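Participant:
Number of protein chains: 2
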Amino acid sequence: MQATMLYGPRDIRFEDRPDPQILKPTDAIVRIAAACVCGSDLWPYRGIQTITEPMPMGHEYCGVVEEVGSEVRHVKPGQFVIGSFFASDNACPVCQHGYQSSCQQAEFVGGAQAPLLRVPLADGTLVATPGIPSGELIPSLLTASDVLGTGWFAAVAANVQRGVTAVVVGDGAVGLLGVLSAKQMGAERIIAMSRHPSRQKLALEFGATDIVTERGEDGVARIMEMTNGLGADSVLECVGTQESMMQAIHCARQGGYVGYVGVPHGVELSGEELFFEHVHLHGGPAPVRQFLPKLIDLVWQGKINPGKVFDLTLPLDQVAEGYRAMDERRAIKTLLIP
Amino acid sequence: MQATMLYGPRDIRFEDRPDPQILKPTDAIVRIAAACVCGSDLWPYRGIQTITEPMPMGHEYCGVVEEVGSEVRHVKPGQFVIGSFFASDNACPVCQHGYQSSCQQAEFVGGAQAPLLRVPLADGTLVATPGIPSGELIPSLLTASDVLGTGWFAAVAANVQRGVTAVVVGDGAVGLLGVLSAKQMGAERIIAMSRHPSRQKLALEFGATDIVTERGEDGVARIMEMTNGLGADSVLECVGTQESMMQAIHCARQGGYVGYVGVPHGVELSGEELFFEHVHLHGGPAPVRQFLPKLIDLVWQGKINPGKVFDLTLPLDQVAEGYRAMDERRAIKTLLIP
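Protein chains in written order, with full-length UniProt numbering: chain A, 1 to 338; chain B, 1 to 338.
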């Protein structure tokens, strides 16, 4: 097959690679229906996260099961499935507590920007849709694999409840789907912090009630003004920089909740500051597997349309252009069709 | 009157001071029945927290209302009352969310190691007991003012629920009352981390099921062994140093809760580490006012006896010895009788 590899900063190649094989009896091979480029793929693409050898890229996937290992019991060839970027057994105590992305057997699933993908721990990782989806549902189903699941977890970690005021820091695809998630969970007011017109528009479509264009402490000052000096009940941090994290913490009210899902890069938090801010802090790699049945159901029933975050669709062999467009912020998120 | 002042490191003086007066119409003057020395008083006593001028000491108090300002409606002279170390109006939005220690009008109550104390915002701050307590209840009622309320908040922030495994980091009075609080909230297993025999004994009396004497990463390794490699559901951090905070975070399971109430001194947290630990983090100055009615009731009914943390009782004029005994860890907590 031909698949996507990163060789170094901004050096994406679509090249010949061996077809994936069943390596363990719990594996499955999935024929990818659609893949995409993740905001977190841009960290190594930009060289901020260094790599030591060529890396197979892509960790968001959905498609039809091609083959399963001898110990796979529930997943069947021919099923349309979606899985998380962390394979999990969905059975260990960590999974039972709902933290499948930290499963005691967790394994990162890489190499999804390709026609075929090996998924470990298939029974614990993959969730089948009720049937073979129509083509128009596929982008939305694909988002459940990571970007929607991650935005959803940001809202869960930020304790979004009916009637709360939520703030979303970050207008990438995760932030935008954080808006959608907060809306689904009943937030009354959803303030999206964004300075990009196309992203503001999508935030409003997904349920944002207000847009704040200021950033950093100016942004915090606007949120304080809008909440009578109190701050927000729930803040979704969807970036992962020092500035965005402090912006999120300072936007929360005393006793409010910050859910952070942007992979932190060089973020340092002062214990004393957190103490006197009185915030709740929770985050980490989203346990997408926990949410997949719910998210698939919402998409399947047409209640949400998270696939709108894809504003660029390319054939898989043009993946390098997909990275460039996101790097230059010409695209929110690139959909890749094998 | 004669009252307690700190002039500099280890320089406690009991000296003539003017009697406190009603300064605002919402103030009350309380005649102190018993006061005490707090673990947090040791930070300035030891010079770790610097002071720029002589400081009236003491912020834990209970006693009989002597006089009230013209706008005080509910608190009456002659009532026996307990208040928090932060005065609060108990009415603003922050208070309504249960964070009275961050009240929009919050004011620190200092100078309680004295026969008389001015308490601001009396109606919002003070809670009266059902009647005048017998002398033997007074130490336990006094703990509700801070050390019990703070241990209780640690358990609330650590999400202690029926059946959980809780770990308590710190065997000072707050940690010990964190054990008592976790027991009240139904924790099934309570592991106290302590290497001092007298404190271990009290921890066991308060409901600890296990004692771990190791500290730091050795302590974490013991907790992991005892929890089948999973970690604890709830961890109460009751110290406030970098080591104790990391010990607490590493003792928690993925998705577990760390409640921290030790005032952090020089604590820095790595965003990336918190992210992959997947813990919930919450803490701050305990909103004692929220818990006072419940805690007074538990003491009044004889269901808890938190006053046992006082293992040294001195007349107020020997307050300097009370500080020395705690500084040298000869006493867990000193009770002072005016």
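The beta carbon of each residue, even a glycine, is placed where N, CA and C say it ideally should be.
Just so we're clear, the structure is a prediction, and the values are computed from it rather than from any experiment.
Could you list which residues in chain B have their beta carbon closer than 7 angstroms to that of Y99 of chain A, in chain order?
Facilitator: Simply Q254, G255, H278.
Participant: Which chain A residues sit within Cβ distance under 9 angstroms of P264 of chain B?
Facilitator: Under the 9 angstroms cutoff, chain A gives S270, G271, E272, E273, L274, F275.
Participant: Taking the straight line between their C-alpha atoms, what separation do you get for K24 of chain A and H74 of chain A?
Facilitator: Distance between the alpha carbons of K24 of chain A and H74 of chain A is about 16 angstroms.
Participant: Tell me whether R25 of chain B sits in a helix, a strand or coil according to DSSP, three-state version.
Facilitator: The residue asked about is misnamed: residue 25 of chain B is Pro in this sequence, not Arg. The answer is coil: DSSP assigns P25 of chain B none of H, G, I, E or B.
Participant: Between S234 of chain B and chain A, is any beta-carbon pair separated by less than 8 angstroms?
Facilitator: No, S234 of chain B does not count as interfacial toward chain A.
Participant: Just the C-alpha distance for C38 of chain B and G58 of chain B, rounded to the nearest angstrom, thanks.
Facilitator: The alpha-carbon atoms of C38 of chain B and G58 of chain B are separated by roughly 8 angstroms.
Participant: Please list the terminal residues of the continuous alpha helix (DSSP H) segment that includes V299 of chain A.
Facilitator: 288-300 is the span of the alpha helix (DSSP H), which, as asked, contains V299 of chain A.
Participant: Using a Cβ-Cβ cutoff of less than 7 angstroms, which residues in the same chain neighbour K337 of chain A once the five nearest sequence positions on both sides are dropped?
Facilitator: Note that residue 337 of chain A is Ile in the sequence shown here, rather than Lys. Closer than 7 angstroms at Cβ, skipping near neighbours: A34, T313, P315, L316.
Participant: Measure from the alpha carbon of T125 of chain B to the alpha carbon of each residue in B:F86, B:I132, B:Q104, B:M5, then state which is nearest.
Facilitator: Among B:F86, B:I132, B:Q104, B:M5, the Cα nearest to that of T125 of chain B belongs to B:F86.
Participant: Of the choices A:F14, A:V179, A:G83, A:F291, whose alpha-carbon is the least far from that of V109 of chain A?
Facilitator: With distances taken between Cα atoms, V109 of chain A lies closest to A:G83.
Participant: If you follow the alpha helix (DSSP H) that D123 of chain A is in, where does it begin and where does it stop?
Facilitator: Run containing D123 of chain A: 122-125, per the alpha helix (DSSP H) assignment.
Participant: Report the residue from B:L177, B:F275, B:A122, B:V263 whose alpha carbon sits nearest the alpha carbon of I29 of chain B.
Facilitator: Per the Cα distances, B:A122.
Participant: Less than 8 angstroms between the beta carbons of L335 of chain B and G149 of chain B, yes or no?
Facilitator: No; because the gap between Cβ atoms is not below 8 angstroms, this pair is not in contact.
Participant: Who are the neighbours of G283 of chain B on chain A, taking C-beta pairs under 7 angstroms?
Facilitator: What G283 of chain B touches in chain A: F275.
Participant: Is the beta carbon of K333 of chain A less than 8 angstroms from the beta carbon of V309 of chain A?
Facilitator: Going by C-beta atoms, K333 of chain A is nearer than 8 angstroms to V309 of chain A.
Participant: Work out the CA separation of P264 of chain A and G302 of chain B for me, nearest whole Å.
Facilitator: Looking at the two C-alpha atoms, the distance is approximately 49 angstroms.
Participant: Which residues bound the alpha helix (DSSP H) around I138 of chain B?
Facilitator: It spans 138-143 - the alpha helix (DSSP H) in which I138 of chain B sits, taken as one unbroken run.
Participant: Mind the definition here: the segment 160-168 of chain B touches the segment 180-197 of chain B only if three or more C-beta pairs lie below 8 angstroms; say whether that holds.
Facilitator: Short answer: they touch.
Participant: Pick out whichever of A:I304, A:E60, A:R46 has its Cα sitting closest to the Cα of R329 of chain A.
Facilitator: Comparing Cα-Cα distances from R329 of chain A to each of A:I304, A:E60, A:R46, the minimum goes to A:R46.
Participant: Would you say H280 of chain A and V258 of chain A are within 8 angstroms of each other, going by their C-beta atoms?
Facilitator: Going by C-beta atoms, H280 of chain A is nearer than 8 angstroms to V258 of chain A.
Participant: Determine the contact status of L142 of chain B and C62 of chain B, defining contact as a CB-CB distance below 8 angstroms.
Facilitator: It is a contact, given that the beta carbons lie within the stated cut-off.
Participant: R195 of chain B by DSSP, collapsed to three states: which one?
Facilitator: Coil, per DSSP.
Participant: Please report the Cβ distance between E188 of chain A and G163 of chain A, rounded to the nearest whole angstrom; I am assuming they are in contact, meaning their Cβ atoms lie under 8 angstroms.
Facilitator: About 5 angstroms; that satisfies the 8 angstroms criterion.
Participant: Would you mind giving the Cβ-Cβ distance between E60 of chain B and V156 of chain B, rounded to the nearest angstrom? I have them listed as a contact below 8 angstroms.
Facilitator: Their Cβ separation, rounded to whole angstroms, is 19 angstroms, which puts E60 of chain B and V156 of chain B out of contact at 8 angstroms.
Participant: State the DSSP-derived secondary structure class of V119 of chain B, mapped to helix, strand or coil.
Facilitator: Three-state DSSP puts V119 of chain B in a strand.
Participant: Going by DSSP in three states, R330 of chain A sits in which element: helix, strand or coil?
Facilitator: It is coil, neither helix nor strand.
Participant: Between the C-alpha atoms of M1 of chain B and P120 of chain B, what's the straight-line distance to the nearest angstrom?
Facilitator: The straight-line gap from Cα to Cα measures roughly 19 angstroms.
Participant: Among all the DSSP beta bridges, which residues are the ones paired with A128 of chain A?
Facilitator: DSSP, once it has assigned bridges, lists A:V81 as partnering A128 of chain A.
Participant: When you compare the CB of P56 of chain A with every CB in chain B, is at least one pair closer than 8 angstroms?
Facilitator: So no, P56 of chain A is outside the interface.
Participant: Check whether the Cβ atoms of residue 339 of chain A and V319 of chain A lie closer than 8 angstroms to each other.
Facilitator: Nothing about residue 339 of chain A can be reported from this structure: the residues present for chain A run from 1 to 338 only.
Participant: Please classify E277 of chain A as buried or exposed, where buried requires at least 16 other C-beta atoms within 10 Å of its C-beta.
Facilitator: Burial call: buried.
Participant: If the cut is a Cβ gap below 7 angstroms, which residues of chain B does M246 of chain A touch?
Facilitator: Here the premise fails: no neighbours, minimum Cβ distance about 10 angstroms.
Participant: Count the other CB atoms, across all protein chains shown, that sit within 10 Å of the CB of E7 of chain A; report buried if there are 16 or more and exposed otherwise.
Facilitator: According to the sequence shown, residue 7 of chain A is Tyr rather than Glu. That one is exposed.
Participant: Can you tell me whether A208 of chain B is buried or exposed, with buried defined as 16 or more other CB within 10 angstroms of its CB?
Facilitator: Looking at its Cβ environment, which holds 16 or more other Cβ atoms inside 10 Å, A208 of chain B is buried.
Participant: Go ahead and label D233 of chain A buried or exposed: buried means 16 or more other beta carbons lie within 10 angstroms of its beta carbon, across all protein chains shown.
Facilitator: Its Cβ being crowded by 16 or more others within 10 Å, D233 of chain A is buried.
Participant: Report the neighbours of V94 of chain B on chain A: residues whose CB is nearer than 8 angstroms to its CB, in chain order.
Facilitator: Here the neighbours are L230, R253, Q254, G255.
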